[in-house]
Amino acid sequence: MKGVSSPPEDYVYFKFQVPVHKISVQKRIHEAGYYVDADITDRKIDKKVREAQIAQYNYILVVGESEAATGQVSVRIRDSAAHLVKNIDDLLEEFKPKTASSH
């Protein structure tokens with residue numbers, strides 16, 4: 001992405017039954033200046049999450065039917081057992097201080 005090199009945080013976003021909402025989520029995060037890696041395979045979600053954990057992504061975002069219906073994403077944070085559900089605006093606000101402090 002132009003103007004952004006070596007982003008301090010990596011984000012991954014998974015395809016899961018609701019493509020229009022997922023494309024919107026991926027696009028919004030990318031346009032905010034963050035790296036987004038999308039897994040659009042037909043593998044089971046558990047395998048996708050496990051692969052992202054092994055790759056040590058800092059944030060794993062999952063969009064299922066319930067999240068798409070409410071305009072939210074399920075968020076898993078690296079090295080944390082917490083699973084949160086957030087809307088994209090709140091998630092992007094959470095990213096700002098974390099990325100600002102790493103520059």
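Under the UniProt record's numbering, the first residue of the sequence shown is numbered 1, with each subsequent residue one higher.
In this text, a Cβ means the ideal position worked out from N, Cα and C, and glycines have one as well.
This structure is a prediction, so every number in the text was calculated from the model and none was measured.
Beta bridge counterpart(s) of residue i as assigned by DSSP
{"i": "Ser74", "result": "Val62 and Val85"}
Residue i - DSSP class collapsed to helix/strand/coil
{"i": "Met1", "result": "Its pLDDT being 38, under 50, Met1 is placed unreliably by the model, and the measurement read from it follows with that caveat. Looking at Met1 - three-state DSSP - the assignment turns out to be coil, as it is neither helix nor strand."}
{"i": "Arg50", "result": "helix"}
{"i": "Ser6", "result": "Its pLDDT being 37, under 50, Ser6 is placed unreliably by the model, and nothing is read from it."}
{"i": "Gln26", "result": "helix"}
{"i": "Ala68", "result": "helix"}
{"i": "Asp90", "result": "helix"}
{"i": "Lys44", "result": "coil"}
Of the residues the options, the one placed nearest residue i, counting alpha carbons only
{"i": "Ile77", "options": "Gly64, Arg50 and Thr70", "result": "Arg50"}
Contact under 8 Å by Cβ, residue i with residue j
{"i": "Leu61", "j": "Val73", "result": "yes"}
{"i": "Glu65", "j": "Val85", "result": "no"}
{"i": "Asn58", "j": "Gly71", "result": "no"}
{"i": "residue 104", "j": "Asp39", "result": "Nothing about residue 104 can be reported from this structure: the residues present for the chain run from 1 to 103 only."}
{"i": "Val25", "j": "Val63", "result": "yes"}
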